[in-house]
Ligand code: ADP
């Protein structure tokens, strides 16, 4: 059988309801979804990669998403894809602001690994404006983020302070 596995790479610092929305959608379309926590050198980390993996694992386990797995990688995404023999990448499209960066990412990844195909999904309208950066900003000012992140993430945020 030709099973379709897709990799959903990102910083997930921290995972938000927007990320979860995409994970659930993808789990219904693909046979297997691997949520891959990678380092984004352009973003200052708030949670460690291990903490992000732990949060994602809890979120997925509590929602019984049986075909979703979590992994981490500290190198280039294309090297992970080649290693695992997977060519499908999932990314989210929110506002137009995502487009430029994503366009760059697709073409660069294709140059390095021509088999790459990227699939974009849009979240529910409730989350189109939501980003991890926004959540971090609210947290920094001690605001309430319970409407924006899964409950598992709230516990990690509380423990950070
Ligand atoms: P990165 O640093 O790789 O952009 P993010 O964790 O910010 O990592 O985002 C990972 C992926 O999840 C990106 O494709 C991004 O567009 C998508 N994403 C982030 N927030 C949302 C959201 N609210 N709704 C849908 N997709 C989202």
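Residue numbers (my numbering): 675 to 835. For glycine and all other residues, C-beta sits at the position ideal for the given N, C-alpha and C.
When 693, 761, 723, 724 are compared, the shortest CA-CA separation from residue 678 is found for 761. For the 8 Å CB-CB criterion, residue 768 and residue 794 do not form a contact. For the options 831, 739, 809, the alpha carbon positioned closest to that of residue 706 is the one of 739. In its chain, beyond the 5 residues on either side, 819 have a beta carbon closer than 6 Å to the beta carbon of residue 812.
Boundaries of the alpha helix (DSSP H) around residue 692: 691-703. For residue 694, the shortest C-beta to heavy atom distance toward the ligand ADP is 7 Å or greater.
Per DSSP, residue 754 lies in no beta strand (DSSP E) segment; the continuous alpha helix (DSSP H) that holds it begins and ends at 751-758. Relative to the ligand ADP, the beta carbon of residue 772 is positioned inside 7 Å of a heavy atom.
A distance criterion of 7 Å places the beta-carbon of residue 759 beyond contact range of the ligand ADP, judged by its closest non-hydrogen atom. Here residue 689 is near residue 827, since their CB atoms are less than 8 Å apart. The ligand ADP has a heavy atom closer than 7 Å to the beta-carbon of residue 805. The beta carbon of residue 789 sits closer than 6 Å to those of 761, all from its chain and outside the five residues before and after it, given in chain order.
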